[in-house]
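S.K.: Here the sequence shown stands for residues 1346 to 1634, numbered as in my numbering.
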Amino acid sequence: MDTSAQLYEVDATGWKRGLYDDVRETFRAPIVNWIFRTTMANYPAFLRYAWSQVKPVFQTRAFASFSVTYRDAVLSAVEEGPGTVPVYRRSDVDVPPAEFDELRAQLATFDVVAPRLAVLFELMDRGLHGKPIGRDPATGRSATAPFPDWLDADRGSEPTMVAAADLDGAVAETAAEIRQFHGLGEGLPSVYRCLAQWPGYLTRAWADLAGVLDGEGFDTAVDEANRLVAGHVDEVPYSPRIAPADLRAGGFDDALIEDVQGLFREFNAGAIETVIPALPVFAKTLDVD
1346 MDTSAQLYEV DATGWKRGLY DDVRETFRAP IVNWIFRTTM ANYPAFLRYA WSQVKPVFQT
1406 RAFASFSVTY RDAVLSAVEE GPGTVPVYRR SDVDVPPAEF DELRAQLATF DVVAPRLAVL
1466 FELMDRGLHG KPIGRDPATG RSATAPFPDW LDADRGSEPT MVAAADLDGA VAETAAEIRQ
1526 FHGLGEGLPS VYRCLAQWPG YLTRAWADLA GVLDGEGFDT AVDEANRLVA GHVDEVPYSP
1586 RIAPADLRAG GFDDALIEDV QGLFREFNAG AIETVIPALP VFAKTLDVD
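Spelled out as C-alpha cells, the structure:
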C-alpha cells in the first residue's frame, strides 16, 4: 500500500466524488481526512464497501451524544491536571484579524472530526481483525434515532496546509518537538501542518501547552478517551461486516486485507492515539471548542 498516494477531492469524479461528499455530510465537517484519501487512492472498491458498512454508526443520536461527551471528557481531565489551557486573543499570537478568523474556523473543523476519527479507527481496527463490534448494543431510543440536525452544523471551514518539508526557523523547531512528543516519524499530522500556516500561534501555543500535554491530566484524558471510544463501539446497534471472512466473500484478496489491517491498526494504536485527544485542547485555546 502506497501511503504517499492520495486522491484529493478536486481530482475525484463520479462515485468517488460522491463518496467524499457523503463523508463530509456525515462527519459534519468541511474536510475529507487523509485516511479516506489514501485508502481511495489505493483501494477504492474497498473504501466504497467499508464506508457503506460503518456510515450508519455516525448517524445516530447516540453518536451525537458520544461526540459531545468525548470532547468534554478530554477537556475536563486536562483541566484537572497541573497545567492550564490558555485562551488567546488575536494580539497574543501575532495573527492579522482576517487570518485570525480563518485560523479559528479551520481549528474548529479539527475539533469536529476528533471524536469521529477516534470511533472510525476503533471500528475499522476491530472489524478488520474479526473482533466484536456492538457486543452489548444499546437499547434506548437514541441508539437508532437520527443525529440532530443542529449539532456541529455550520462549524469550521475547509483546512489549508503547508508541507512539512517547507517549514523553517522557529516553527520547524516546534514541528520537531511535536514529532518527538507524539512519537512520530518524519510525517506531521494534518492539524499541525494546518496550524503551521500561522507560526505565531503554533509556536506560542505549543510552548504554553507543554506543561499541559506532558502532565498527568493529558495522560488521563487519553485513557478516558480510549475508554469512551471502546465503550461506544461496544454499544453500537449495527454490526459492520468488515471481518476478513466478509471481505473475502466480497471478492477482496488477502494482500488487500493485510494492507488495510495494518493501516488502521497503526492509526488506532500508534502515535495518532495522542494526536486526536489533543485536538479539543487546541480548539480550547481559541475558544472554538
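Heads up, the beta-carbon is just placed ideally off N, CA and C, and yes, glycines get one too.
Over what stretch of residues does the alpha helix (DSSP H) that includes Lys1629 continue unbroken?
M.R.: 1617-1630 is the span of the alpha helix (DSSP H), which, as asked, contains Lys1629.
S.K.: Please report how far the alpha carbon of Pro1544 lies from the alpha carbon of Glu1518, in whole angstroms.
M.R.: Cα to Cα, Pro1544 sits roughly 11 Å from Glu1518.
S.K.: Please report how far the alpha carbon of Glu1424 lies from the alpha carbon of Val1430, in whole angstroms.
M.R.: The straight-line gap from Cα to Cα measures roughly 7 Å.
S.K.: Using only alpha-carbon positions, find the residue among Pro1582, Gly1576, Glu1569, Val1578 that is nearest to Ala1422.
M.R.: For the residues Pro1582, Gly1576, Glu1569, Val1578, the minimum Cα distance to Ala1422 belongs to Glu1569.
S.K.: Can you check whether the CB of Ser1412 is closer than 9 Å to the CB of Arg1461?
M.R.: It is a contact, given that the beta carbons lie within the stated cut-off.
S.K.: Taking only three categories from DSSP, how would you classify Pro1401?
M.R.: Looking at Pro1401 - three-state DSSP - the assignment turns out to be helix.
S.K.: Helix, strand or coil: how does DSSP classify Pro1637 here?
M.R.: Outside the displayed span of the chain (1346 to 1634) sits residue 1637, for which this structure offers no information.
S.K.: Assuming Val1432 and Thr1630 are in contact, meaning their beta carbons sit under 8 Å apart, how far apart are those beta carbons, in whole angstroms?
M.R.: About 6 Å separates the two Cβ atoms, so the contact holds.
S.K.: Beta-carbon within less than 6 Å of Glu1354's beta-carbon, same chain only, minus the 5 sequence neighbours each way: which residues are those?
M.R.: Result list for Glu1354: Tyr1365, Val1377, in chain order.
S.K.: For Ala1566, does the count of other Cβ atoms within 10 angstroms reach 16, so buried, or fall short, so exposed?
M.R.: Answer is buried; the Cβ neighbour count reaches 16.
S.K.: Use the C-beta contact count for Asp1456: other C-beta atoms within 10 angstroms, 16 or more gives buried, fewer gives exposed.
M.R.: Buried, since its Cβ has 16 or more Cβ neighbours within 10 Å.
S.K.: Does DSSP classify Pro1389 as helix, strand or coil?
M.R.: Pro1389: helix per DSSP, three-state reduction.
S.K.: On a Cα-Cα basis, can you pick out the residue from Asp1513, Asp1559, Val1419 that is closest to Pro1625?
M.R.: That would be Val1419, whose Cα lies nearest to the Cα of Pro1625.
S.K.: Is Pro1375 helix, strand or coil by DSSP?
M.R.: Pro1375: coil per DSSP, three-state reduction.
S.K.: Excluding the 5 residues flanking Pro1493 on each side, which residues of the same chain have their C-beta closer than 7 Å to its C-beta?
M.R.: Contacts found: Arg1406, Ala1409.
S.K.: Classify Gln1525 as buried or exposed, calling it buried when 16 or more other Cβ atoms lie within 10 Å of its own Cβ.
M.R.: Burial call: exposed.
S.K.: If you count every other CB in all the chains shown that lies within 10 Å of the CB of Val1514, and 16 or more means buried, which is it?
M.R.: The question names Val, but residue 1514 in the sequence shown is Gly. Its Cβ having fewer than 16 others within 10 Å, Gly1514 is exposed.
S.K.: CB-CB under 7 Å to Met1385, same chain, minus the five flanking residues each way: which ones, in chain order?
M.R.: Same-chain partners within the cutoff: Leu1352, Lys1361, Leu1392.
S.K.: Is Trp1495 buried or exposed, if buried means 16 or more other CB atoms sit within 10 Å of its CB?
M.R.: Per the 10 Å Cβ criterion, exposed.
S.K.: Report the three-state DSSP secondary structure of Pro1491 (helix, strand or coil).
M.R.: Looking at Pro1491 - three-state DSSP - the assignment turns out to be strand.
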